[in-house]
Amino acid sequence: MERSMIVQGNWKTFLTLRGEQLLLVQRKHVYILIAPIVMTFLLTVFFGGVSYILFIHFLFSISLFLVSLLLLTSFMLSIIAKVIIDWYFHLYIVTTRKILEVSYTPFSSLSRNDILLDRVNCTEIDVQRHGILGELMDIGDIVITFDRPTHREEFVLRDIEACNKIGIFLTQTLLDRGVFPNNVQTIWMRSPRQVSAY
Amino acid sequence: MHIDTTVIIKAALLFLFLLATTFIILFNLLYHSRALRATTSIGLHIPKQLNFLKYVSIYLALFTGLMLLVLFLFNYPW
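Protein sequence lines, in the order shown, are assigned to chains A and B. For the first sequence, this note's numbering gives the first residue as 112, with consecutive numbering after it. For the second sequence, this note's numbering gives the first residue as 24, with consecutive numbering after it.
Quick look at the structure:
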């Protein structure tokens with residue numbers, strides 16, 4: 112297990128099952144913050160222009176214009192702080208016994224989606240990179256496919272840094288059964304007609 | 024007494040700005056306190072840069088509020 116797979120933090124609160132060990136803790140790539148921050152900045156510049164036209168050319172008040180600029184700047188900083196906090200609280204955690212996605216947005220949402228690895232079979236791990244930026248910065252999605260008794264389920268780790276390396280690591284640990292060598296592959300039976308058939 | 028329409032518009036805008044300033048300060052304080060509570064329960068630490076950003080936006084909003092009050096009280100008709 113490489114230390115670079117686990118971002119800094121105290122993750123003991125997520126180790127709730129017996130004999131569980133941490134394998135991977137990742138956030139989305141930090142570069143995905145650039146787009147919303149630039150967008151917020153551009154919107155602030157736009158509204159600054161609007162307030163210039165409104166206060167200088169129509170209402171003739173420099174003091175109100177300056178105040179509106181200050182207000183816009185502080186609003187922009189608040190939004191940027193919110194974007195960073197939302198990114199900071201979105202985590203993908205893989206342990207020897209479960210895969211977990213935690214996403215917390217203060218005041219609006221908390222989602223905690225976990226899959227117990229000893230209840231499902233991991234059948235496929237795909238790595239997908241999109242576009243030039245993804246290629247250059249090594250950002251991509253890792254799609255983990257599970258076989259469930261009723262349907263196939265996908266668990267997607269989105270916009271992960273070094274997705275190729277992590278994909279290989281997950282293939283070795285989840286598909287090669289390096290993590291739980293004693294685990295027996297489950298066989299799902301399809302709609303039994305009679306119990307005596309077994 | 025006749026009051027100009029622009030003065031009424033400016034007064035309304037000043038009032039709106041005051042409301043916005045209050046909203047920004049409250050939002051920052053509450054949002055960060057919630058985040059901080061989550062970090063202590065999860066075991067994460069909030070990066071120093073984020074705290075800095077929080078204080079900058081709060082103090083900027085406070086400064087804006089102060090300027091608004093000064094404008095409102097001493098700079099009629101704005």
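From the three backbone atoms N, C-alpha and C, an ideal C-beta is built for every residue, glycine too. Please read these numbers as outputs of a predicted model, since none were measured by experiment.
Check your understanding: Pick from W198(A), T151(A) and Q119(A): whose alpha carbon is nearest that of L183(A)?
Key -> T151(A)
Review point. Taking buried to mean at least 16 other C-beta atoms within 10 Å of its own C-beta, is D287(A) buried or exposed?
Key: exposed
Review point. Out of A58(B), I32(B), L39(B) and I48(B), which has the shortest C-alpha to C-alpha gap to I196(A)?
Key: A58(B)
Review point. How would you write the range of the alpha helix (DSSP H) that N110(B) sits in, first residue to last?
Key: Any question about residue 110(B) goes unanswered here, given that chain B covers just 24 to 101.
Review point. Counting Cβ pairs closer than 8 angstroms, one from the segment 167–186 of chain A and one from the segment 121–141 of chain A, do we hit at least three?
Key: no
Review point. Chain A beta carbons: is any one of them nearer than 8 angstroms to that of L42(B)?
Key: no
Practice item. Sort T28(B), I69(B), Y82(B) and Y99(B) by Cα distance to T45(B) and report the nearest one. Key: Y82(B)
Practice item. Would you please verify whether the beta carbon of P71(B) is less than 8 angstroms from any beta carbon of chain A? Key: Before going on, a small fix: residue 71(B) reads as Lys here, not Pro. Not an interface residue.
Review point. Is the Cβ of F186(A) closer than 8 angstroms to any Cβ of chain B?
Key: yes
Check your understanding: Does the separation of the CB atoms of L126(A) and T206(A) fall below 8 angstroms?
Key -> yes
Point to revise | Amino acids of chain A, ordered along the chain, whose beta-carbon sits closer than 8 angstroms to that of Y99(B) | key: By Cβ distance, chain A contributes nothing, its closest Cβ being about 11 angstroms from Y99(B), past 8 angstroms.
**Study point:** Listed by chain order, chain B residues near V338(A) by CB distance under 7 angstroms
**Key:** Limits of chain A in this structure are 112 at one end and 309 at the other, which puts residue 338(A) out of reach.
Point to revise | N- and C-terminal bounds of the beta strand (DSSP E) containing K209(A) | key: K209 to T216
Check your understanding: Are K77(B) and A192(A) closer than 8 angstroms when you measure CB to CB?
Key -> yes
Practice item. For Y215(A), return the contacting residues in chain E, with the cut-off set at a CB-CB distance below 7 angstroms. Key: Protein chains A and B are contained in the structure displayed, whereas chain E is not.
Check your understanding: Taking Cβ-Cβ distances shorter than 9 angstroms, what residues in chain B pair up with S115(A)?
Key -> Neighbours of S115(A) on chain B: none; closest Cβ ~18 angstroms, over 9 angstroms.
Review point. What is the rounded straight-line gap between the Cα of N224(A) and the Cα of K209(A)?
Key: 10 angstroms
**Study point:** Any alpha helix (DSSP H) of 4 or more consecutive residues that is wholly inside the segment 134–168 of chain A
**Key:** 145–163
Practice item. Round the Cβ separation of D258(A) and T282(A) to the nearest angstrom and send it over; I've been treating them as touching at under 8 angstroms. Key: So it is not a contact: roughly 16 angstroms between Cβ atoms.
Check your understanding: Roughly how many angstroms separate the alpha carbons of V161(A) and W122(A), rounded to a whole number?
Key -> 47 angstroms
Exercise for review: Kindly indicate the opening and closing residues of the alpha helix (DSSP H) around T184(A).
Suggested key: I173 to Y199
Exercise for review: Would you kindly report the start and end of the unbroken alpha helix (DSSP H) that includes I277(A)?
Suggested key: C274 to L281
Exercise for review: Over the uninterrupted beta strand (DSSP E) stretch that includes L221(A), give me the two end residues.
Suggested key: S220 to L227
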